[in-house]
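Going down the list, the protein sequences come from chains A and B.
The numbering of the first sequence is UniProt numbering, which starts it at 1 and goes up by one.
The numbering of the second sequence is UniProt numbering, which starts it at 1 and goes up by one.
C-beta atoms are modelled at their ideal positions from N, C-alpha and C, and glycine is treated no differently.
Values in this document were obtained by computation on a predicted structure and should not be read as measured data.
Below you'll find the structure, written out as structure tokens, and then a few comments.
2 protein chains.
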Amino acid sequence: MRVFSFFNRASRVLHDYPSCSKLLVLFTLSGGSLVAYSESQSDIGTHSVEHNQKEPRKKRVVLLGTGWAGISFLKDIDYSMYDVQVVSPRNYFAFTPLLPSVTCGTVEARSIVEPIRNFIKKRGGEIRFWEAECVKIDAANRKVFCRSNIDNNLVGSGEFPLEYDYLVIATGGQVNTFNTPGVMEHCHFLKEVEDAQKIRDSVIDCFEKAVLPSLSEEERKTNLHFVIVGGGPTGVEFAAELHDFVQEDLVKLYPMTQDIVKITVIQSGDHILNTFDERISSFAEQKFQRDGIEVQTGCRVVSVSDKEITMKVKSKGEICSVPYGMVVWSTGIGTRPVLRDFMDQIGQTKRRVLTTDEWLRVKGCENVYALGDCATIDQRKIMEDISTIFKAADKDNSGTLTVKEFQDVIDDILIRYPQLDLYLKSKHLRDVKDLLKDSQGNERKEVDIEGFKLALSHADSQMKSLPATAQVAAQQGTYLSKCFSRMEKCKNNPEGPLRFRGSGRHQFLPFRYKHFGQFAPLGGEQAAAELPGDWVSTGHSTQWLWYSVYASKQVSWRTRVLVISDWTRRFIFGRDSSRI
Amino acid sequence: MRVFSFFNRASRVLHDYPSCSKLLVLFTLSGGSLVAYSESQSDIGTHSVEHNQKEPRKKRVVLLGTGWAGISFLKDIDYSMYDVQVVSPRNYFAFTPLLPSVTCGTVEARSIVEPIRNFIKKRGGEIRFWEAECVKIDAANRKVFCRSNIDNNLVGSGEFPLEYDYLVIATGGQVNTFNTPGVMEHCHFLKEVEDAQKIRDSVIDCFEKAVLPSLSEEERKTNLHFVIVGGGPTGVEFAAELHDFVQEDLVKLYPMTQDIVKITVIQSGDHILNTFDERISSFAEQKFQRDGIEVQTGCRVVSVSDKEITMKVKSKGEICSVPYGMVVWSTGIGTRPVLRDFMDQIGQTKRRVLTTDEWLRVKGCENVYALGDCATIDQRKIMEDISTIFKAADKDNSGTLTVKEFQDVIDDILIRYPQLDLYLKSKHLRDVKDLLKDSQGNERKEVDIEGFKLALSHADSQMKSLPATAQVAAQQGTYLSKCFSRMEKCKNNPEGPLRFRGSGRHQFLPFRYKHFGQFAPLGGEQAAAELPGDWVSTGHSTQWLWYSVYASKQVSWRTRVLVISDWTRRFIFGRDSSRI
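As structure tokens, then:
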């Protein structure tokens, strides 16, 4: 009995005070061992901040969305300075890079999600999270209107307004069908956890239906034809996962399907993974060829019916249709209706996506920020500002810029216009002074406005919009929460670059993205990775690098332990084929 | 690189040949350790049996259903003797006693399911499983008609007939609403894995909706009123699980709900757990009272609307309605339409449920067996057969039975009519000869038919129909598969009791249920158990007994490891409140 009550008490203690324990969880597996220490957090600030009417009112921040951008913002925001309210139709954060693994049960859906309320509580905030969808933003009155997305028969109105001092929009993108007929009705997507779960069920449905005794061979083949539209990282990873699932697990349980399963990836460009390095792209194509995954490049899908997918082969202009069992549409990001409406309000009608400046502030609107997939940064061009830069740099108003004058402003220019930095790197120029050399390569003592324009004229060609990745969103969230923490401090002591078109300095440094590389798991325990510094790595070792990076990037120890034990489980028992 | 390729190879080997390895999985947790060896199976018979037209055709067995009865049958059937086809709308077996744990995330749904195809493959059978529903049984032509329950747009007809030599019906029961209006529309159930998953989502919905800023205090209370109809083991366990989930996890994340969550159990009888020993019943009631779970006994639900549940208090005859957030209906078992129709065909129209004899053979129909929740055994009464028994026993046709003659047949009587055994036990009679004593307790040398009738007249009062539990179903499945294995052998050498109403002996011993006890987990790491031999155990130690019994009863090593790691996960991190 003693031992039982010890366990009981230990359970309660561990569970009630996770912060006071350094907990050892040991998985010993076939000689390899993996030791994971649970988060050891100090108790400081874990108690909820109570509203005190006598204190000056804290500024109200409303955050829309709980994806990568939102969660990074919540992770670092100072809850003692702001009254934070979070609105999202999902009460959890999902580790989206593992969604393709969820589709085939390599990792369970629950293992990649973490409740938002856990986050806020752990970070010492009062829990003010509302599971609801923002249906309207009223920027003029600093209000958002929300509606609960729970559709069962619970009592009470699910509609409520929220007032804000600062609004942070991080609602992410939605599926973009490019208005292709039939896509919404007949395709699967891979943006939400539910999507991944539906795909998993659907794959098993295809197999169970295909083996029924009443089907012809042709019908079996059709039902086991899996089509992936979009050869980007998500589509490619799903194709690889599906191939592994089929070969390692399903054909053993559905022996008659051995030779009739077919996986096709349709890509409109000339290569799959075309945002990656060329070496990765061709490694992936070769791997897929060996695996028997068909890659159809240069094809654009024109419509999807309930039985067939129709596409146009670009080179020949031909239209062809193929029957399928399941289609996963994994291409493009669209703008949500609530943001479309908001963009109309603030004069961004012609924009494709919500546009911010380099400080993530929504253009044409005060105190509203947007980050992650729902927004894009409109980087200012140097050439647009070239005259004002020149004027600001030319302190003595001589009409020419000396090397000294140029050097005085170059740091601010480099911060304000990051494309210049990229340009210097692309030209292998170590010293910015080299920009001022004449066409023969001779140093000049000073340049006039025309010479200055000429020197910087090609820099803008280096401008690139940021990819819609978790990495970008997470960095933006962290950046913004840091700005919020120093809002007061930086009002008096601005830390940003010189305002060329105004006076003084910008309050903050603009957001700058740092690329840490990108993975593409290709199945069969192989992966490709683009690492910083133009490094490319492929093969089995890269897959192990992928495992460690993805394990370390988990947002909580709970999900970390679960993801690792899911991998271990798959390794020992294979993937589950139960249709639940 | 070496170490990576070692792991890769090891992974493949382990995965492809699970049977050749004795695999050590070690979870070391805070000093307590648990060692689990993976199933070590011999390779004999793991290869699929190929159809060979030259061999005499194997008898075709069609099994409907993959619950406890079905799976136990599949586990032990000799695949070399029978051509087995399995039809079930679910391609997995679910460990249903853990369903209440799934409703609150103590255990994950995937951890309690095992694909049927895995079973068949592991047991050395050719995989002939069809994910479909049986829609019609045509006993006259020995055929069943099946229809695929996959409702997406895959090609091919999902309808097919199957011919059988033996049909085994193990489709389980369905929800029984007792025709109470509104139950189907507004209540949750707890029979399938999907039901448990829906309940889990719904609980979170209730909490998320209740805390929205737009609700009144009254509305919050309504949404957080959880009603359980039925005070049987399932209902009580769910109430306990829910209480734990709320107190251990949810109130910390939804602090404002602390004092307004209410759980009510409605029971039509006078006590909850009324099939258990009285001591357990009152232990449970006391525990619930301490926990603040309201138990309303003597109440019958008369209707359920979208907002309110209406019941009749039996003692007062009053009707009252209470608003609710969620109702779980956990009472009674009904008959599926396909069996209703089958019963009409075979003349069991007036029966409440499909009826079999003591050998699990469906009455009024050849070569059809029924087991588990979908059937009931119609135990023959002694008094109905008393004259034929007397005649068979009275070998010398003297009109009286000597003690010797009686002793010659008593074993057969005891086997054929198990109620007699129970009667002897209830009367504390050690020797059956005591039955023949006269009313003064004097031994008699012989009895006539009237005396014989008198001696056995009260035995039938001990007849009880078997409860609809996993334990009964599993024992029936095992029993039937053993009969099937010895079908040929026992045709020539019958091993059953004497046929009193015919000649010779019965082919097999009739099915006899052995009760191994029953658990009722009551939350807060406490459980109650009824153990064999009239033992009752309650409290924390019983919960640990429960853990070990349920871990050991898992149908595969995969589910065993998963269930144990789920328990461990809950112990360390609590339950997940993500709404997925």
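With 16 other Cβ atoms within 10 Å as the buried cut-off, status of residue i
i: Ile319 of chain B; result: exposed
i: Phe573 of chain A; result: buried
i: Lys191 of chain B; result: buried
i: Asn397 of chain B; result: exposed
i: Met311 of chain B; result: buried
i: Val3 of chain B; result: With a pLDDT of 42 at Val3 of chain B, under the threshold of 50, the modelled position of that residue is not reliable, and the figure given next carries that caveat. By the neighbour-count rule (16 or more Cβ atoms within 10 Å), Val3 of chain B is not buried but exposed.
i: Ser101 of chain B; result: buried
i: Leu74 of chain A; result: buried
i: Gly125 of chain B; result: buried
i: Gln526 of chain A; result: buried
i: His428 of chain A; result: exposed
Neighbouring residues, chain A, relative to residue i (Cβ below 7 Å)
i: Phe573 of chain B; result: Arg558
i: Ser157 of chain B; result: Ser214
i: Glu219 of chain B; result: Val155 and Gly156
i: Phe452 of chain B; result: In chain order: nothing, as chain A lies at least about 54 Å away.
Candidates the options: closest to residue i by CA position
i: Gly231 of chain B; options: B:Val302, B:Gln507 and B:Phe276; result: B:Phe276
i: Ser202 of chain A; options: B:Gly172, B:Asn152, B:Glu163 and B:Asp434; result: B:Asn152
i: Ile71 of chain A; options: A:Phe129, A:Phe207, A:Gly504 and A:Lys427; result: A:Phe129
i: Leu522 of chain A; options: A:Ile137, A:Val87 and A:Gln289; result: A:Gln289
i: Ile449 of chain B; options: B:Phe406, B:Glu241 and B:Leu480; result: B:Phe406
i: Ile413 of chain A; options: A:Asp438, A:Ser387 and A:Val229; result: A:Ser387
i: Leu454 of chain B; options: B:Thr297, B:Thr568, B:Lys437 and B:Leu162; result: B:Lys437
i: Val236 of chain A; options: A:Pro181, A:Glu248, A:Asn274 and A:Phe207; result: A:Asn274
i: Ile116 of chain B; options: B:Leu250, B:Ala69 and B:Thr106; result: B:Ala69
i: Pro161 of chain B; options: B:Phe178, B:Arg142 and B:Tyr547; result: B:Arg142
i: Gly502 of chain B; options: B:Ala470, B:Lys391 and B:Ile272; result: B:Lys391
i: Gln267 of chain A; options: A:Ala239, A:His243, A:Glu248 and A:Phe207; result: A:Ala239
Supposed close pair residue i, residue j - CB separation, criterion 8 Å
i: Gln197 of chain A; j: Ala109 of chain A; result: 6 Å
i: Gly158 of chain A; j: Ala132 of chain A; result: 7 Å
i: Leu371 of chain A; j: Ala170 of chain A; result: 5 Å
i: Val62 of chain A; j: Leu167 of chain A; result: 5 Å
i: Val155 of chain A; j: Lys307 of chain B; result: 6 Å
i: Pro510 of chain A; j: Ile415 of chain A; result: 7 Å
i: Lys59 of chain B; j: Asp83 of chain B; result: 7 Å
i: Gly334 of chain B; j: Asn176 of chain B; result: 4 Å
i: Asp378 of chain B; j: Asp357 of chain B; result: 6 Å
i: Ile263 of chain B; j: Glu294 of chain B; result: 7 Å
Closer than 8 Å: residue i CB and nearest the ligand PLP heavy atom
i: Met256 of chain B; result: With respect to the ligand PLP, the structure offers nothing, as it holds no ligand at all.
Neighbouring residues, chain B, relative to residue i (Cβ below 8 Å)
i: Glu163 of chain A; result: Within chain B, no residue comes near Glu163 of chain A; the closest Cβ sits about 11 Å away, beyond 8 Å.
i: residue 582 of chain A; result: Look at the range of chain A in this structure, 1 to 580, and you will see that residue 582 of chain A is not part of it.
i: Lys307 of chain A; result: Asn153 and Val155
i: Phe160 of chain A; result: Leu212, Pro213 and Ser214
Beta-carbon neighbours of residue i, restricted to chain A and to distances below 8 Å
i: Glu108 of chain B; result: Glu108 and Arg110
i: Lys437 of chain B; result: Within 8 Å Cβ-Cβ: nothing; Lys437 of chain B doesn't reach chain A, min ~48 Å.
i: Ile127 of chain B; result: Leu253, Tyr254 and Pro255
i: Phe226 of chain B; result: Here the premise fails: no neighbours, minimum Cβ distance about 12 Å.
Chain B residues whose Cβ lies nearer than 7 Å to that of residue i
i: Ser565 of chain A; result: Ser565
i: Thr180 of chain A; result: Under the 7 Å cutoff, chain B gives no residues; its nearest Cβ is about 17 Å from Thr180 of chain A.
9 Å Cβ cut-off: residues of chain B touching residue i
i: Tyr92 of chain A; result: Asp576, Ser577, Ser578, Arg579 and Ile580
i: Arg569 of chain A; result: Arg558, Val561, Leu562 and Ser565
Closer than 9 Å at the beta carbon, the chain A residues around residue i
i: Thr222 of chain B; result: Leu154, Val155 and Gly156
>> Taking beta-carbon pairs under 8 Å, can you tell me which members of the segment 187-208 of chain B lie near chain A?
In response: Val193, Glu194, Gln197, Ser202, Ile204, Asp205, Cys206 and Glu208
>> By the 8 Å beta-carbon criterion, what residues does the segment 505-535 of chain A contribute toward chain B?
In response: Glu525
> At a Cβ cut of 8 Å, what residues of the segment 129-158 of chain A count as close to chain B, listed as they run along the chain?
Replying inline: Trp130, Glu131, Ala132, Ser148, Ile150, Asn152, Asn153, Leu154, Val155, Gly156, Ser157 and Gly158
>> Can you pull out the residues from the segment 352-381 of chain A whose beta carbon lies closer than 7 Å to at least one beta carbon of chain B?
In response: none
> Using a beta-carbon distance cut-off of less than 9 Å, what residues from the segment 321-335 of chain A approach chain B?
Replying inline: Pro323, Gly325 and Met326
>> Please identify, using Cβ separations under 8 Å, the residues of the segment 112-124 of chain A that lie next to chain B, in order along the chain.
In response: Val113, Glu114, Pro115, Arg117, Asn118 and Lys121
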